[in-house]
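Asker: Below are the structure tokens for one structure; questions will follow.
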Amino acid sequence: MMKKNLIILITTLSLLTTSVPTFASTTQNLNNNSTNLSTVSKSSDEESFLESDAAKALHARKLDKLPKDAKVLKFNTWDEALNFVKSTKANLDSKYTKNNSLALKSESPDDELGTDYYGVGYVSFGSGSGTVPKKVNWDVPGASYQTIYSEHYFDYSDGVVTNSSRGSRISGVGLSTWTSDYSGLTHPESNEWHSIIKGTWGYYVSVSGHNVGLSATLGLMAICSHS
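Here the sequence shown stands for residues -24 to -1, 1 to 203, numbered as in mature numbering (1 follows the signal peptide of the UniProt record, and there is no 0).
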């Protein structure tokens, strides 16, 4: 009788031992499925972000690699990133004028800046010869206490502008970027001169290691006329 009970006990333990690996294997498969679902969800959220009106307005684009020493705004979710972009876009539209909707105060305005937004400053010169300066600045929207500064100088003599120079920089505390792409002087068919700086402003955004670039083109113009 004792021998029979021992055989039953050994058989029971053997069955329990062989059933454990099967249960562990099933648990591992469930974990893999959960990870895959999470990855699909994150990918879908990223695509929704890129397809949003606010992100499109700031020319959002995926970046496989960030520039060296890039300053990055990091968010935990794409929803957080989208809220930031919406807020930044609203701030832009409340403070600055889109390129296609500003009627400049001039007889022959240079409307074809080819930029998303622009700011304009006006200055005049008198008789004789000399140099007049004009600053046109742009406060950066979003998570930055930064300003893009532009300075324009007009040399004049005998009622006409004879030469000009200009430059720009970004200053302050924040993660925004600015690159000047073009600068020059135009002279429309009127007694005024347009000093223009074009450039690209933007942010780098990262969510869980996925990077996106946001940007807008700016035109900073000073219009000089004979008083």
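Glycine residues also receive a C-beta, built at the ideal position from the N, C-alpha and C atoms.
For the alpha helix (DSSP H) containing residue 58, name the first residue and the last one.
Answerer: Locating residue 58 in the sequence shown gives position 82, counting from the first residue. Residue 58 -> alpha helix (DSSP H) spans 54 to 71.
Asker: So does the region 58 to 65 actually touch the region 158 to 167, counting three or more Cβ pairs closer than 8 Å?
Answerer: Verdict: no, contact absent.
Asker: Count Cβ pairs between the region 175 to 193 and the region 99 to 110 that sit closer than 8 Å; are there 3 or more?
Answerer: As far as the Cβ criterion goes, the region 175 to 193 does not touch the region 99 to 110, which means the pair count is below three.
Asker: Jot down the residue ranges of each uninterrupted beta strand (DSSP E) in the region 114 to 160, minimum 3 residues, whole runs only, in chain order.
Answerer: If we require 3 residues or more, the beta strand (DSSP E) runs fully inside the region 114 to 160 come out as 121 to 133, 136 to 149.
Asker: Quick one: using the 10 Å Cβ neighbour count with 16 as the cut-off for buried, is residue 42 buried or exposed?
Answerer: For the purposes of this step, residue 42 is taken as residue 66 along the sequence shown, with counting starting at 1. Burial call: exposed.
Asker: Using three-state DSSP, classify residue 166 as helix, strand or coil.
Answerer: The sequence position of residue 166 within the sequence shown is 190, counting from 1. Residue state, collapsed to three classes: coil.
Asker: What is the DSSP secondary structure of residue 224, reduced to helix, strand or coil?
Answerer: Coverage of the chain is limited to positions -24 through 203, which leaves residue 224 absent and any answer about it impossible.
Asker: Spatial neighbours of residue 77 within its chain, please: CB distance less than 7 Å, with the 5 preceding and 5 following residues excluded, ordered by chain position.
Answerer: Locating residue 77 in the sequence shown gives position 101, where the first residue counts as 1. Summary for residue 77: the model assigns pLDDT 40, below 50, so the residue's position carries little reliability; its value from the coordinates is reported in the next sentence. Cβ neighbours of residue 77 beyond the five flanking positions: none.
Asker: Alpha carbon to alpha carbon, how far is residue 184 from residue 148?
Answerer: Your numbering for residue 184 matches position 208 in the sequence shown. Your numbering for residue 148 matches position 172 in the sequence shown. In a straight line, the C-alpha of residue 184 is about 28 Å away from that of residue 148.
Asker: Who are the Cβ neighbours of residue 144 in its own chain at under 7 Å, not counting the five residues just before and after it?
Answerer: For this step, residue 144 is matched to residue 168 along the sequence shown. Here the set comprises 124, 125, 126, 156, 173, 175, 196.
Asker: In terms of DSSP beta bridges, what is residue 101 paired with?
Answerer: As a working note, residue 101 is residue 125 in the sequence shown. Paired residues: 202.
Asker: So, at 8 Å on beta carbons, what are the nonlocal neighbours of residue 136 in its own chain, with the 5 sequence-adjacent residues on each side left out?
Answerer: Locating residue 136 in the sequence shown gives position 160, where the first residue counts as 1. Answer for residue 136: 202, listed in chain order.
Asker: Which residues does DSSP pair with residue 192 in a beta bridge?
Answerer: For this step, residue 192 is matched to residue 216 along the sequence shown. According to DSSP, residue 192 bridges with 177.
Asker: What are the boundary residues of the beta strand (DSSP E) that residue 42 is part of?
Answerer: On the sequence shown, residue 42 is found 66 positions in, with the first residue counted as 1. No beta strand (DSSP E) holds residue 42; DSSP gives it neither H nor E.
Asker: Pick out whichever of 24, 45, 142, 55 has its Cα sitting closest to the Cα of residue 180.
Answerer: Mapped onto the sequence shown, residue 180 falls at position 204. Of the candidates 24, 45, 142, 55, the one whose C-alpha sits nearest the C-alpha of residue 180 is 45.
Asker: Out of 35, 69, 199, 115, state which residue places its alpha-carbon closest to the alpha-carbon of residue 152.
Answerer: As a working mapping, residue 152 is identified with position 176 in the sequence shown. Checked all of 35, 69, 199, 115; the closest Cα to residue 152 is 115.
Asker: Measure the C-alpha to C-alpha separation of residue 139 and residue 91 and round it to an integer number of angstroms.
Answerer: Position 163 of the sequence shown, counting from 1, holds the residue named residue 139. Position 115 of the sequence shown, counting from 1, holds the residue named residue 91. Each residue's Cα considered, the two are about 25 Å apart.
Asker: In this structure, how does DSSP classify residue 171 when only helix, strand and coil are distinguished?
Answerer: Counted from its first residue, the sequence shown places residue 171 at position 195. Correct three-state label for residue 171: strand.
Asker: Taking just the CA atoms, how far does residue 128 sit from residue 53?
Answerer: Along the sequence shown, one-based indexing puts residue 53 at 77. Along the sequence shown, one-based indexing puts residue 128 at 152. For residue 53 and residue 128, the distance between alpha carbons rounds to 42 Å.
Asker: With a 10 Å radius around its C-beta and 16 neighbouring C-beta atoms as the bar for buried, classify residue 112 as buried or exposed.
Answerer: The residue you call residue 112 lines up with position 136 of the sequence shown. So residue 112 counts as buried.
Asker: Could you have a look at residue 184 and say whether DSSP puts it in helix, strand or coil?
Answerer: Counting from one through the sequence shown, the residue named residue 184 turns up at place 208. Residue 184: coil per DSSP, three-state reduction.
Asker: Residues in the same chain with beta-carbon distance under 6 Å from residue 133, minus the five sequence neighbours each way, listed in chain order, please.
Answerer: Your numbering for residue 133 matches position 157 in the sequence shown. The residues are 105.
Asker: Can you name the residues that DSSP bridges to residue 51?
Answerer: In the sequence shown, the residue the question calls residue 51 occupies position 75. In DSSP, residue 51 forms a bridge with 183.
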